[in-house]
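Below is one structure, written out as structure tokens; the observations come after it.
In the numbering used here, the protein residues as written are 17 to 226.
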């Protein structure tokens with residue numbers, strides 16, 4: 017799925033590559049087992065290769081821009097989001113449903129009876145996230161993903177879990193200079209996210225959004 021996005025590898029430290037690849041190995045295998053490979057007509061090994069390609073793409077994109085700890089956080093977050101992308105595609109391809117225009121009534125039909133409750137929750141989450149992606153700028157959507165799945169670099173620096181991530185910490189994680197202008201950009205993106213959430217609450221008014 018990501019093979020077409022790969023480009024020539026930038027100069028990098030092979031030791032760092034191998035270290036980060038090993039650190040994310042268990043995560044990649046765990047994410048693969050959460051995907052029904054038969055929906056794509058492939059094996060689990062093939063799905064695992066998709067995550068390898070995603071790892072290569074993200075590593076190559078940020079290896080010269082981030083320090084190793086931050087790069088690891090980017091890799092972990094990107095792999096988790098990539099799993100959601102695959103799940104969305106599996107439902108689109110196998111059920112011929114356009115998640116961009118799915119209605120509340122469609123959801124009731126789309127939640128196939130032999131699916132577990134957890135799978136149904138994940139499907140609904142995927143629909144909501146698809147809606148958010150279509151209603152946010154790229155920067156705001158990336159910030160939303162960061163807030164929903166904060167990497168260890170960020171959680172380790174928070175005084176309490178599940179609190180609002182300070183703009184300064186977000187800038188440090190992304191490698192941007194901590195300035196009033198950049199913090200104002202973060203706050204602006206957060207306002208954009210808040211407006212999109214309110215729109216989503218109305219769009220999915222028959223459901224309770226956490």
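C-beta: ideal position from N, C-alpha, C; glycine also.
At which residues does the alpha helix (DSSP H) containing residue 183 begin and terminate? 183 to 190
| message | Once DSSP output is grouped into helix, strand and coil, what is the label at residue 57? | response | coil
### Query
How would you call residue 24, buried or exposed, if buried means at least 16 neighbouring beta carbons within 10 angstroms?
exposed
Query raised in the report: Counting pairs of beta carbons, one from the region 36 to 43 and one from the region 79 to 95, are three or more of them closer than 8 Å?
Result: yes
**Request:** Go ahead and pull the three-state DSSP assignment for residue 14.
**Result:** Nothing can be reported for residue 14, as the shown portion of the chain is limited to 17 through 226.
Item to complete: Closer than 8 Å by C-beta to residue 153: which residues in its own chain qualify, once you throw out the five before and the five after it? Chain order, please.
Response: 205, 208
Note down, in chain order, each residue of its chain lying with its Cβ closer than 8 Å to the Cβ of residue 159, except the 5 sequence neighbours on either side. 186, 202, 205, 206, 209
- prompt: On the three-state DSSP scale, how would you describe residue 148?
  reply: helix
Query raised in the report: Looking at the structure shown, is residue 199 part of a helix, part of a strand, or coil, going by DSSP?
Result: helix
Query - Every unbroken alpha helix (DSSP H) inside the region 43 to 95 [4 residues or more] - result: 60 to 78
Buried or exposed by the 16-neighbour rule on C-beta atoms within 10 Å, applied to residue 194: exposed
Output the distance between the C-alpha atoms of residue 59 and residue 184, rounded to the nearest integer angstrom. 43 Å
### Message
Can you tell me where the alpha helix (DSSP H) holding residue 40 begins and where it ends?
### Response
Taken as a continuous stretch (DSSP letters only), residue 40 belongs to no alpha helix (DSSP H), as it is neither H nor E.
Which two residues bound the contiguous alpha helix (DSSP H) that contains residue 171? 168 to 171
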